[in-house]
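What follows is one structure encoded as C-alpha cells, with my remarks underneath.
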Amino acid sequence: NAGVTQTPKFQVLKTGQSMTLQCAQDMNHEYMSWYRQDPGMGLRLIHYSVGAGITDQGEVPNGYNVSRSTTEDFPLRLLSAAPSQTSVYFCASSSPRRGGSNYGYTFGSGTRLTVV
Amino acid sequence: AQKITQTQPGMFVQEKEAVTLDCTYDTSDPSYGLFWYKQPSSGEMIFLIYQGSYDQQNATEGRYSLNFQKARKSANLVISASQLGDSAMYFCAMTSNSGGYQKVTFGTGTKLQVIP
Chain A
1 NAGVTQTPKF
11 QVLKTGQSMT
21 LQCAQDMNHE
31 YMSWYRQDPG
41 MGLRLIHYSV
51 GAGITDQGEV
61 PNGYNVSRST
71 TEDFPLRLLS
81 AAPSQTSVYF
91 CASSSPRRGG
101 SNYGYTFGSG
111 TRLTVV
Chain B
1001 AQKITQTQPG
1011 MFVQEKEAVT
1021 LDCTYDTSDP
1031 SYGLFWYKQP
1041 SSGEMIFLIY
1051 QGSYDQQNAT
1061 EGRYSLNFQK
1071 ARKSANLVIS
1081 ASQLGDSAMY
1091 FCAMTSNSGG
1101 YQKVTFGTGT
1111 KLQVIP
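If you're matching them up, the sequences are chains A and B in order.
In terms of the working numbering, the first sequence is residues 1 to 116.
In terms of the working numbering, the second sequence is residues 1001 to 1116.
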C-alpha cells in the first residue's frame, strides 16, 4: 500500500549508542518531517525537509541529524542516544497546496524508542 | 510564531451524541491552515480535516466539521453522531505562511472517550 514506511517499529538502545530510524514514502511528496511524541506534549518537530537536498531544524533538533538525498527517503540519525530521547518518533510527508499550506501530513506508523 | 492550545485534556460523550473539541490558535499571519488529526490507541496518526484561513465556508468531512471562528481564533472540531470507534486522542494543528507551511505545530491533544 502507498504511504509512509517507518522502520523499526520498536528499538531499545543503550546510552551513547547511535542508530538510524528509516523513513520512506512512495507518494512523491515534497515535504517530509520527523516528530517526536511525548506524553502531555503533543508532537514536536525535530527536523523537516522541503525537497531532496534541503533540510532544516525544527523545534527540538539537538541530538538528531537528517539528510534527504532522494525524494523518497528521509532518515533520522541519533548521534549518541540519551534517556531523554526515549519517545515515539513519527515520520510524515505531504505535498504543498496551491497558495501555500499543505494537504495534511500522512504519517508513518511510528517507532517506539527506549534508551536505557 | 504559531501556537495551538487545546484546553480539554479529556472528554466523555454518549454514543450517538455530538461532541465539540476545542482548539484555539495564535498567529499574526493572515495566511494559515488548520488541521485535525485522530490518534487511536493503536498509535497511528490519521488526518481528519483541513481549514484554510481564507476559506469562506467551514470545512466538513462526513461526520466531522470544523467550526472556524476567525475573529476568535478558534477552530473547534465537531463530531456528529459519535461512535465507539471515535474514542481516541485528537490533535489540532496549524501551519502558517511566516511559520513555514511545511512545518506543522500541534496542540497537546484531547482524549475523547465514547460511552455506550
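Glycine is no exception: its CB is placed at the ideal position from the N, C-alpha and C atoms.
query	result
Is any beta-carbon of chain A found at less than 7 angstroms from that of Phe1012 of chain B?	no
With burial defined as no fewer than 16 other Cβ atoms inside 10 Å of the residue's Cβ, what is the status of Thr1095 of chain B: buried or exposed?	buried
Indicate whether at least one CB of chain A lies closer than 7 angstroms to the CB of Met1045 of chain B.	yes
Could you give the DSSP three-state label for Ser84 of chain A: helix, strand or coil?	helix
State the DSSP-derived secondary structure class of Leu79 of chain A, mapped to helix, strand or coil.	coil
When the Cα atoms are used, what is the spatial distance from Leu13 of chain A to Leu76 of chain A?	15 angstroms
Is there at least one Cβ from chain A nearer than 7 angstroms to Lys1103 of chain B's Cβ?	yes
At 9 angstroms on the CB atoms, spell out the chain B contacts of Tyr105 of chain A, in chain order.	Phe1035, Tyr1037, Met1045, Phe1047, Ala1093 and Val1104
Return the residue from the list A:Leu113, A:Val116 and A:Gly108 that minimises the CA-CA distance to Ala24 of chain A.	A:Gly108
Who are the near neighbours of Leu1021 of chain B in its chain, counting only those whose CB is closer than 6 angstroms to its CB and skipping five residues on each side?	Leu1077, Tyr1090 and Thr1110
Threshold first: 3 residues or longer. Then list the beta strand (DSSP E) segments lying entirely within the segment 1008-1054 of chain B, N to C.	1010-1014, 1019-1021, 1024-1026, 1032-1039 and 1046-1052
Checking the sheet assignment: what are the DSSP bridge partners for Tyr48 of chain A?	A:Ser33 and A:Asp56
Tell me where the beta strand (DSSP E) around Ala24 of chain A begins and ends.	Met19 to Gln25
Could you tell me which of B:Gly1010, B:Gln1006 and B:Ser1042 sits nearest to Tyr1025 of chain B, measuring between CA atoms?	B:Gln1006
Quick one: grab the DSSP three-state call for Asp73 of chain A.	strand
Can you name, in chain order, every residue of its own chain whose Cβ lies under 6 angstroms from the Cβ of Phe1068 of chain B, other than the five neighbours on each side?	Gln1051, Asn1058 and Ala1075
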